[in-house]
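Residue numbers (the working numbering): -4 to 176.
We put the CB at the ideal spot given by N, CA and C, even for glycine.
No experiment lies behind these values; they were computed from the predicted model shown.
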Amino acid sequence: MTDETIIILEPREKEPLYELPLSTASLSAFVEASVERDDDDEEDLAKSIKIPVPNVSAEVLAKVVDYMKHYKEEVMTTISTPLRSNALADLVQPWYADFCDVERNLLFDMVAAANFMDIKPLLDLTCLATSILIKGKSAEELRQMFNISQEEFAADEAAEGRGEGWVANEGAAGSAQQASK
């Protein structure tokens, strides 16, 4: 496979298509896996490869492509923990901080796209931006932010509680049976 190979990413809506060199697109393990070939097949490899990205909208894919292109030019600083600040601009270069300065739902969609496309540095960045966004919020504010109704939350919490109780009781009964043997 050569660097001249062009990757064409097709969003959920089928258009527009986004082109970038394989050397840039290979930041995504999803892309890498999609274009993997035997060394023997290298001569037969097409100059362009179209890859559908059905879980990512065109708007989000455009952001992902911008990220990959910029990352090729300026690798993002590794995010180290513990975090030394609550401001994204203090933790990464200015371009990356500005990149995450988007509407909340777009940020959440970028997290999902980074996860689906398996782009670890983008996933790290968008998860960090999300964690900074939710830090210090009350449970009610988080429910509103993530559109979780109180009824849904109570039902999930009750089901989880029953599940944990069952595991705890089952574990205790299992331990008593083991002790009697």
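For residue j and residue i, the rounded distance between their alpha carbons
i: Asn50; j: Leu78; result: 31 angstroms
i: Glu146; j: Arg138; result: 11 angstroms
i: Ala133; j: Glu31; result: Strictly speaking, residue 133 in this sequence is Ser, with Ala absent from that position. Each residue's alpha carbon lies about 46 angstroms from the other.
i: Glu5; j: Glu135; result: 38 angstroms
i: Phe61; j: Phe94; result: Note that residue 61 is Asp in the sequence shown, not Phe. Going by the C-alpha atoms only, they are around 9 angstroms apart.
i: Ser21; j: Ala57; result: 16 angstroms
i: Thr76; j: Glu69; result: 21 angstroms
i: Gly131; j: Asn110; result: 25 angstroms
Outcome for residue i when other beta-carbon atoms lying within 10 angstroms are tallied against a minimum of 16
i: Ile143; result: exposed
i: Phe141; result: exposed
i: Ser23; result: buried
DSSP state of residue i mapped onto helix, strand, coil
i: Ser21; result: coil
i: Ile114; result: coil
i: Lys64; result: helix
i: Glu14; result: strand
i: Glu5; result: strand
i: Ser126; result: helix
i: Ser52; result: coil
i: Ser75; result: coil
Own chain residues within Cβ distance below 8 angstroms of residue i, not counting five before or after
i: Ile3; result: Leu12, Tyr13, Glu14, Ser43, Ile44, Lys45 and Ile46
i: Thr125; result: Leu102, Phe103 and Val106
i: Ile74; result: Leu86, Val87, Asp119, Leu120 and Leu123
i: Glu10; result: Ala53
Cut-off 7 angstroms between Cβ atoms - residues of its own chain near residue i, not counting five sequence neighbours on either side
i: Met183; result: Outside the shown range of the chain (-4 to 176) lies residue 183, about which nothing can therefore be said.
i: Ile127; result: Asn81 and Leu83
i: His65; result: Trp90
6 angstroms Cβ shell around residue i - same chain, five flanking residues per side excluded
i: Phe25; result: Met112 and Asp113
i: Ala108; result: Val51, Val55 and Val59
Any non-hydrogen atom of the ligand COA within 7 angstroms of residue i CB
i: Cys95; result: Because no ligand of any kind appears in the structure shown, any question about the ligand COA cannot be addressed here.
Within 8 angstroms, strictly: CB atoms of residue i and residue j
i: Lys67; j: Thr19; result: yes
i: Ala53; j: Glu98; result: no
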